[in-house]
Amino acid sequence: MSAAAHSTFREGPEPVTVSSDEQYDPRAVQDKWQARWEQLRPFRADDADGSRERRYTLDMFPYPSGDLHMGHAEAFAIGDVPARFALQRGCNVLHPIGWDSFGLPAENAAIKRDSHPSEWTYANIETQAASFRRYAPSFDWSRRLHTSDPEYYRWTQWLFLRFYERGLAYRKGGQVNWCPNDQTVLANEQVVGGHCERCGALVEKRVLTQWYFKITDYADRLLDDMAQLEGGWPERVLLMQRNWIGRSTGADVHFAIEGRAEPVTVYTTRPDTLFGATFMVVAADAALAEEIVAPERRAAFEAYRDEVSRESEIERLSSEREKTGVFLGRYAVNPVTGDRIPVWASDYVLAEYGHGAIMAVPAHDQRDLDFALKFGLPVRVVVETGQPDPAETGVATAGDGALVNSGPVDGLAKAEAIERITQVLEERGTGKAAVNFRLRDWLVSRQRFWGCPIPIVHCPSCGEVPVPDEQLPVRLPENLRGADLAPKGTSPLAAAEDWVNVDCPKCGGAAKRDSDTMDTFVDSSWYYFRYCSPTYEDGPFDVEAVRRWMPVDQYTGGVEHAILHLLYSRFFTKVLYDMGMVDFTEPFARLLNQGQVILNGKGMSKSTGNLVDLGEQIEESGVDVVRLAMLFSGPPEDDIDWADVSPSGMYKFLARVHRIAAEVTSAPGTDPAGGDAELRRATHRAVDEATAMIEANRFNVAIARIMTLVNAARKAIDSGPGAGDPAVREAAETIALMLSLFAPYTAEEAWEVLGHEAPVVRAGWPAADPALLVEEAVTCVVQVAGKVRDRLEVAPSIGEAELERLALASPKVAEALGGAGIAKVIVRAPKIVNIVPQR
1 MSAAAHSTFR EGPEPVTVSS DEQYDPRAVQ DKWQARWEQL RPFRADDADG SRERRYTLDM
61 FPYPSGDLHM GHAEAFAIGD VPARFALQRG CNVLHPIGWD SFGLPAENAA IKRDSHPSEW
121 TYANIETQAA SFRRYAPSFD WSRRLHTSDP EYYRWTQWLF LRFYERGLAY RKGGQVNWCP
181 NDQTVLANEQ VVGGHCERCG ALVEKRVLTQ WYFKITDYAD RLLDDMAQLE GGWPERVLLM
241 QRNWIGRSTG ADVHFAIEGR AEPVTVYTTR PDTLFGATFM VVAADAALAE EIVAPERRAA
301 FEAYRDEVSR ESEIERLSSE REKTGVFLGR YAVNPVTGDR IPVWASDYVL AEYGHGAIMA
361 VPAHDQRDLD FALKFGLPVR VVVETGQPDP AETGVATAGD GALVNSGPVD GLAKAEAIER
421 ITQVLEERGT GKAAVNFRLR DWLVSRQRFW GCPIPIVHCP SCGEVPVPDE QLPVRLPENL
481 RGADLAPKGT SPLAAAEDWV NVDCPKCGGA AKRDSDTMDT FVDSSWYYFR YCSPTYEDGP
541 FDVEAVRRWM PVDQYTGGVE HAILHLLYSR FFTKVLYDMG MVDFTEPFAR LLNQGQVILN
601 GKGMSKSTGN LVDLGEQIEE SGVDVVRLAM LFSGPPEDDI DWADVSPSGM YKFLARVHRI
661 AAEVTSAPGT DPAGGDAELR RATHRAVDEA TAMIEANRFN VAIARIMTLV NAARKAIDSG
721 PGAGDPAVRE AAETIALMLS LFAPYTAEEA WEVLGHEAPV VRAGWPAADP ALLVEEAVTC
781 VVQVAGKVRD RLEVAPSIGE AELERLALAS PKVAEALGGA GIAKVIVRAP KIVNIVPQR
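By full-length UniProt numbering, the letter at position 511 of the sequence shown is numbered 511, and the numbering carries on one by one without gaps.
Put into structure tokens, the structure is as follows:
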């Protein structure tokens, strides 16, 4: 190969000559085996085969926004390794593929192109499917699905109706997150730092009537069942979910409000500090503030509320901002002191937290203290921490000291005080122990076209009427295109009169379909069930098929889905368990997150030109080179900087593998027992270590072990027993078998060159011989005065006394000592002996 061929990774490799009549050409190899695999279908799962252990390995399915990119290349290479590993170890493996094909990008493309979203969607799916086939993941293509197919979303609608029957799908009015760019509402989980997680626009608050899933009914189970996932899921993902669900224990405290018949309930985690509550704060955008504001304060309140509506949640919760608020002209009664305390509205309290109001204890909460000092409100210390008076220092005191100025709980520690004050509240009927969650119900309505229609009809007489099961699916109209789909603040379906106007399924009168579509995360919350029986027509999935295959043994995808998709999928699974459709409560036993592919330390971006094109890389270097470079660059969870990757080095390595296979001259089936002992030990050590590394998801280390074995085999051919030695064949076959996980085309070709029938993935996984893992001898370094004077081949189990005797008997040691006495002998068996001569 010429030196210029790899001066940069953007230049394609030249074929490498491996013998007088054979070359390694990665593109020819992949074209050959892609066609052969289409005939052999080596990756099809067998539902009927109960003789083999079943393994369900799954990749988070892609969105068809265009052709595959470098992120896909990394994710699907990583996800393919455990699937192929299980297959080669004799398992019956289910490794399916499909597309999450509803969503805004397709709708926006249709508006721009004056077309229907399905045209863009399915064209991109076919492009990606062709690229996937070339990239060689071990998919069972017979189970392919698309969430935008009516045959799929029929069952999404069926599940919605089952949730509705159980009270888990409901419609209500209230404040929602509104993306002004995408013209649709967002779930809380889809707002990141006050911005839309998809387009980045600053999110606004609006009052709308929307559909919700009651995920809060499952908050405790979503938390408690994480015990099943310990050790199988990354700890950071579990922590993110725990924090998002946000369970806390405390008390609901009832404050009477002057002029209001019903008391206002406030949730607090520190009911022991009630004697220090000197005012109340209501969220400025909460319905409660609107209700209780005094007439003479209404104008000031409404002006302030309008200001708050333009702030993001991140801004409102910032501890750095100066506190703002408005007095509502009302007073509450502290239920333990009887004091009248003023009620204010402010932006630092959120309507979604607790009941939308807090009791303010300024001495011991910094935000409350900042507010109190700003507006001249009382500060009362009720926990003795030994710190200066907050009213003087402006610093709230933290800690769990003894209670003071607190009547019946004076002198008690925090835990005892909480228990006692809660008991007092319950005795008086002014409060009770309570659990609160940060988690809010999942808002699933979307005001866009390209999504699953909500199967509800609104009738003036009957109200909400579910569409009968036999009328599912409620199909999207096919005649809306381009400008018909442009966002108008309401769903485009609302203007499609032929579609929206229907007869009520209950009374037959004039009615209207619900014109919203579902959040696409609903589609992806159950797709992994459908893969078990993708053509099943009597339900969303065949219950028995799911029992055969699930839970998913290994799930691979990005950590960005830690809260959204993964939390929703866990929720769906628990509902299906309660419906008796599945016999497990967690869908994914093990989770593997991959990092990102970046370039020169930055995220790839077409707009900035900081981009590597996957198609170009494959065309220039071949699929196996790209896959191997991705997998060798580091652990799966780490980011890959493509600027640091060496595709040319991977190409040279694969060419060496191919050349070794081509040079083997012993016949297939030759017993390796009489072969070179050193190479055999190297082969079996590589198998043992690579197997352990694959099981631990350290694929880069496993590849390094294969590389070491390739070097050993090359050495044996060039300067050892030669290509005809049976140990060389054993090494070459082992390399092909193990390399199949990472570079499947080259491995398949090498396997055939070695005289075996395809496919290599059905040839099994090599087993390490324990006897060959034991080192027969190790090299002991003997030093005199710190300088190496001899090397001894000794047994690994040699004792210190015997090793010292052998070292002192060495002629080279005697020569180095030159008759000098020995001051000290330091022995570290079996690797080193250091002799210190007398001076």
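The beta carbon of each residue, even a glycine, is placed where N, CA and C say it ideally should be. Here the structure is a predicted model, which is why all the values come from computation and not from measurement.
- Query: Taking C-alpha atoms, which residue in Asp339, Gln39, Ala494, Trp344 lies nearest to residue 845?
  - Reply: Absent from the structure is residue 845, since the part of the chain shown begins at 1 and ends at 839.
- Residues that Phe213 bridges to, as DSSP identifies them: Ala169, Trp442
- Item | Residues near Gly675 in its chain [Cβ-Cβ closer than 6 Å; skip 5 each side] | Asp725, Pro726, Ala727
- In terms of residues, what are the limits of the alpha helix (DSSP H) holding residue 847? Summary: the structure shown does not reach residue 847, with the chain confined to residues 1 through 839, and so no result is reported for it.
- Item | Buried or exposed by the 16-neighbour rule on C-beta atoms within 10 Å, applied to Pro117 | buried
- Item | Residues of its chain near Ala820, where Cβ-Cβ distance is below 7 Å and the 5 sequence neighbours each way are ignored | Pro837, Gln838
- Ala511 - containing beta strand (DSSP E), residue span: 510-513
- Query: Residues in its own chain within less than 6 Å of Leu369 by CB, not counting five upstream and five downstream?
  - Reply: Pro362, Pro390, Ala396
- Rounded distance between the beta-carbons of Val382 and Phe275, thought under 8 Å: 5 Å
- Could you check if Asp21 is buried or exposed, using at least 16 other CB atoms within 10 Å of its CB as the buried criterion? In this predicted model, Asp21 has a pLDDT of only 39, less than 50, meaning its place in the structure is not dependable; the value taken from the coordinates is given anyway. Exposed: under 16 other Cβ atoms inside 10 Å.
- Member of Leu741, Gly231, Phe541 whose CA lies at the smallest distance from the CA of Ala136: Leu741
- Run the CB neighbour count on Met579, radius 10 Å, all protein chains shown included, and call it buried at 16 or more, exposed below. exposed
- Item | Beta-carbon proximity check, Thr57 vs Ser101, cutoff 8 Å | no
- Range of the contiguous beta strand (DSSP E) that encloses Lys432: 431-436
- Query: Nearest-angstrom Cα distance between Ile660 and Tyr568?
  - Reply: 50 Å
- Query: What are the start and end residues of the beta strand (DSSP E) that includes His458?
  - Reply: 456-459
- Among Asp365, Val500, Ala332, which residue has its Cα nearest to the Cα of Ile341? Ala332
- Determine the burial state of Cys780: buried for a count of at least 16 other Cβ atoms within 10 Å of its Cβ, exposed for fewer. buried
- Distance, Gln190 Cα to Leu564 Cα: 8 Å
- Distance CB(Trp158)-CB(Asp469) smaller than 8 Å: yes
- Alpha carbon to alpha carbon, how far is Ile832 from Gly786? 11 Å
- Item | Three-state secondary structure assigned by DSSP to Glu392 | helix
- With Pro636 and Ile78 assumed to form a contact (beta carbons below 8 Å), what rounded beta-carbon distance in angstroms separates them? 5 Å
- Item | Three-state secondary structure (DSSP) of Gln23 | strand
- Message: Quick check: the Cα distance between Ser515 and Ala110, rounded to an integer number of angstroms?
- Response: 19 Å
- Message: Quick test of your reading: Pro551 and Phe584, contact by CB under 8 Å. State the CB separation rounded to the nearest angstrom.
- Response: 5 Å
- N- and C-terminal bounds of the alpha helix (DSSP H) containing Asn108: 104-113
- Where Val361 sits in the DSSP three-state scheme: coil
- Message: Give the list of continuous beta strand (DSSP E) stretches no shorter than 3 residues that lie fully inside the segment 536-595.
- Response: 554-558, 591-594
- Message: Do Leu773 and Ala685 count as a contact pair if the criterion is CB distance below 8 Å?
- Response: Reading off the sequence shown, one finds Arg at residue 685, where the question assumed Ala. Yes, these two residues count as a Cβ contact at 8 Å.
- Can you tell me whether DSSP reads Met280 as helix, strand or coil? strand
- Write down the C-beta distance between Thr734 and Thr683 rounded to the nearest angstrom, noting that I regard them as a contact closer than 8 Å. 5 Å
- Just the C-alpha distance for Met738 and Ala227, rounded to the nearest angstrom, thanks. 34 Å
- Three or more C-beta pairs below 8 Å linking the segment 251-263 and the segment 235-242: no
- Message: If the criterion is Cβ atoms closer than 8 Å, does the pair Val597 and Gly66 meet it?
- Response: no
- Item | C-alpha gap between Ala433 and Thr249, whole angstroms | 8 Å
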